[in-house]
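Just so we're aligned, residue 684 is where the sequence shown starts under this note's numbering, counting upward by one. For each residue, glycine too, the CB sits at the ideal point set by N, CA and C. All of these numbers come straight from a predicted model, not from anything done at the bench. Here is the structure we will look at.
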Amino acid sequence: MGNGPHPMRRSTDHTPEADNRTVSLVIPVRPGDRDTAWLLEQVPADVREVVLVGRANGDTTTETDRHAGPPGGSVTVRTLGPWNSAAGDIPHAGLLAATGEHIVLMGADGSMSPKEIPHYLHYLESGYDFVKGSRFIAGGDFADYPLLRRLGHSALLRVARQLYGQHLTDLWYGFCAFRRGFVDLLDLREDGVEMGAELVTHALHYGLRIAEVPSLELPRRDGPSHARTVRDGARILGGLLEERPHNALHRMAPSPRPVKRAERAPRA
């Protein structure tokens, strides 16, 4: 590891200048989501490209449209889609199409705020490979998280900690950021698995340096939640087991009870 202002950075890592970095924001737009104009208005100056995967109701954005961002800057907006859930997990295409050196992933339902993006970028520039939001650390919170889903999430966290030795606090929250160089390493698959958890699982599998930042999950602006607790939990558990290190199951097995030494028989 290198020394100096980036204690977590490898000595071979390239440190981009803050003014020259390029950031792509990938936003999956699910069927039923409304116009994303309100979301684009909140994109911070760090972001230079937005990739919308799918099309919101009434959205007329095209790949050549440009959205006026914060003062002194602009954001290039590209649209992929429309969303076709029958063809697989289409949001993966947005991550593959992004051109920025850093890639940020967030949802379009209003539960995630683009104003938090600079916090994620700060940790990427400090040497971490993968930065994810957490609703369960100091400064984070959530507006709607049913009891059954909390119990399932807690159980999966325990499994992940045993398998990978990592002490994460939020496994499947989909607000995350990583370096574009890791897109191929993260081995995205169009299999319908909840993408936030899939990315985290693959990041754990390949030993990326992961940081969690507090995130506030706001009430959704549009439509019901697309989460399915049992289905999503089963798929995430399967992914955790499939990607586990080869020696992880030994850590999960209970330690054998010590065998007491047999007492010597008294001498005659």
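Those residues which DSSP pairs with residue i across a bridge
i	result
residue 762	735
residue 897	817
residue 862	785
residue 824	899
Residue i beta carbon near the ligand PLP (any heavy atom closer than 7 Å)
i	result
residue 785	Absence of the ligand PLP is noted for the structure shown, with no ligands found whatsoever.
Extent of the continuous beta strand (DSSP E) run through residue i
i	result
residue 707	706-711
residue 788	785-788
First through last residue of the alpha helix (DSSP H) which encompasses residue i
i	result
residue 839	830-847
residue 719	Where residue 719 is concerned, there is no enclosing alpha helix (DSSP H), given that its DSSP letter is neither H nor E.
residue 808	800-808
residue 852	From DSSP, residue 852 is part of no alpha helix (DSSP H); its letter is neither H nor E.
residue 730	Neither: residue 730 is in no alpha helix (DSSP H) and is coded neither H nor E.
residue 983	No answer is possible for residue 983: the residues shown for the chain start at 684 and end at 951.
residue 881	878-888
Rounded Cβ spacing between residue i and residue j (contact assumed at less than 8 Å)
i	j	result
residue 786	residue 709	6 Å
residue 840	residue 851	7 Å
residue 827	residue 902	7 Å
residue 879	residue 857	3 Å
residue 860	residue 807	6 Å
residue 783	residue 863	6 Å
### Query
Per the contact definition of three or more C-beta pairs closer than 8 Å, is the segment 794-806 in contact with the segment 892-906?
Under the 8 Å Cβ criterion, the segment 892-906 counts as touching the segment 794-806, having at least three qualifying pairs.
### Query
Is the segment 722-741 in contact with the segment 808-824, if contact means three or more CB pairs nearer than 8 Å?
By the criterion of at least three beta-carbon pairs nearer than 8 Å, the segment 722-741 is not in contact with the segment 808-824.
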